[in-house]
Amino acid sequence: MACNDFAKFFTEKIQKIRQAVGTSTADPGYVLCPPKNCLNTIKQFHPINSKDLEDILGQLNSSSCCLDVLPTSFFKKVSKTLESDLLQIVNFSLLSGVFPESLKTAVIKPILKKDNLDKTQMNNYRPISNLQFLSKIIEKAVSQQLNYFLKQNNCYDAFQSGFRQNHSTETALTKVFNDICLNTDSGKMSVLVLLDLSAAFDTVDHNILLKRLENWAGLSGTVLNWFKTYLENRKYFVSIGNFTSEKTSITCGVPQGSILGPLLFNIYMLPLAQIIKNNKINYHSYADDTQIYIPMSPGDRGPVQALGKCIEEINDWLCHNFLQLNKNKTEVIVFGAKEKRLQVTRELQSIHLKTTNQARNLGVVMDADLNLEKHIK
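Below, the structure is given as structure tokens:
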């Protein structure tokens with residue numbers, strides 16, 4: 001398989017998803033408004049100093065990209081000699097609101113998803129992206145200032161555990177597992193829906209993202225312009241051994257392998273939380289993995305209907321934002337007394353939800369009995 005074939009495959013995969021979900025033109029039947037606490041704005045980055053640069057270099061790992069002029073480990077060793085030039089480059093980008101064009105190219109290496117998969121099938125490969133080290137230095141400086149602003153203004157989704165300080169898959173799992181256990185102890189059933197999105201990071205729409213940065217995160221002026229130049233005119237090429245593909249333009253998605261990509265995705269997804277809250281449904285997210293869950297009693301149709309309505313609105317919002325809900329991989333588990341599960345399962349079938357007795361949730365195999373036996377084995 002040639003590098004150009006992989007490049008074509010990866011590009012067409014994203015195009016097909018966007019074409020499939022981007023055909024809906026009907027206005028959604030709900031109105032979403034940015035929370036009032038996010039009305040403050042950040043217009044200008046401040047320049048970094050020698051200590052800031054030293055801290056940034058210490059936090060970044062030493063992996064290198066084939067586009068790097070110097071190996072990263074050596075770059076770090078001579079960073080004091082390069083300090084003045086580095087500060088000039090980083091601060092010029094921050095203060096001018098422009099991300100360097102020369103740092104917008106990514107190197108993609110196709111990696112087999114599992115060792116036992118057919119190596120001749122391109123859909124068995126995952127594109128692993130790498131960027132130049134200098135790009136990551138600038139991004140880290142931006143990330144630190146943006147994260148501080150978002151934290152000070154409480155712009156984060158409280159139930160988003162992905163890529164946030166002091167949060168992890170453990171915080172998400174602990175919250176969900178504890179809520180379900182409390183429902184069970186009180187004699188109620190619980191229904192957990194694990195939503196699966198297809199290549200979500202790669203299908204993000206740049207125009208929508210910029211609007212979200214402005215209206216939901218409070219970016220304006222030079223800061224907003226910096227992100228505009230950061231997203232536009234990006235390219236990638238595929239590298240396998242000594243062979244490379246032609247460069248391909250990237251017109252959507254958050255930059256993979258970047259420092260800022262996960263944070264930008266979290267901001268892009270902020271309105272989703274409002275939809276779920278408006279339907280009075282419990283939820284927790286880790287990046288693009290969102291799980292929604294409800295307590296209910298057998299025979300009570302209200303929670304089931306609310307869950308179905310919420311899923312319809314979620315799917316509608318995803319389509320309007322060029323994100324695809326993979327219904328075939330979305331899984332549903334019913335927790336509670338065994339004799340009552342069948343009745344709840346039948347009620348869920350009325351809203352076209354098919355249940356399973358176990359599912360992998362953020363690396364942990366959860367089962368309907370809540371004993372984690374399958375995970376331990």
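Heads up: the sequence shown is residues 1 to 377, going by the UniProt record's numbering.
Every residue, glycine too, gets a C-beta built ideally from N, C-alpha and C.
query, result
"Nearest to Ile267 (by Cα), restricted to the options Tyr156, Ile333 and Ser220", "Tyr156"
"Arg126, enclosing beta strand (DSSP E) - first and last residue", "Tyr125 to Asn130"
"Stretch-stretch touch, CB-based, cutoff 8 Å, three pairs: the stretch 86-99 with the stretch 219-237", "yes"
"Segments assigned beta strand (DSSP E), at least 3 residues, entirely inside the stretch 160-248", "189-195 and 234-240"
"From Met296, Cys66 and Lys76, residue whose alpha carbon lies closest to that of Asp55", "Lys76"
"Pick from Ile208, Lys113, Ala2 and Phe177 that is closest to Leu192, judged by C-alpha positions", "Phe177"
"Cβ-heavy atom distance, Glu313 to the ligand MN, below 7 Å", "Looking at this structure, you won't find the ligand MN or any other ligand, since it has none at all."
"Same chain only: Cβ atoms within 7 Å of Ile42, ignoring 5 sequence neighbours per side", "Phe149, Gly218, Leu219 and Val223"
"Through-space distance from Gln121 to Cys33, alpha-carbon basis", "44 Å"
"Tyr148 - DSSP class collapsed to helix/strand/coil", "helix"
"Contact between the stretch 257-267 and the stretch 124-142 (3+ Cβ pairs under 8 Å)", "yes"
"Entirely enclosed beta strand (DSSP E) segments - the stretch 263-335, minimum 3 residues", "282-286, 289-296 and 331-335"
"Alpha helix (DSSP H) segment containing Ala359, residue limits", "Element bounds for Ala359: not the alpha helix (DSSP H) but the beta strand (DSSP E), Gln358 to Asn361."
"DSSP beta-bridge partners of Ala7", "According to DSSP, Ala7 bridges with nothing at all."
"Integer Cβ distance of Thr203 from Arg18, believed to fall under 8 Å", "5 Å"
"Continuous alpha helix (DSSP H) stretch holding residue 383: start and end", "Residue 383 lies beyond the stretch modelled for the chain, which goes from 1 to 377, so this question has no answer here."
"Meets three-Cβ-pair contact criterion under 8 Å: the stretch 200-214 and the stretch 327-335", "no"
"Residues that Met366 bridges to, as DSSP identifies them", "Ala359"
"Sequence-distant residues of its chain with Cβ nearer than 6 Å to Phe6 (five each side left out)", "Pro110 and Val238"
"Cut-off 6 Å between Cβ atoms - residues of its own chain near Gly68, not counting five sequence neighbours on either side", "Correcting the residue type first, residue 68 is Asp in the shown sequence and not Gly. These residues qualify, in order along the chain: Gln132 and Phe133."
"Same chain, Cβ closer than 7 Å to Lys354, five either side skipped, listed in chain order", "Val332"
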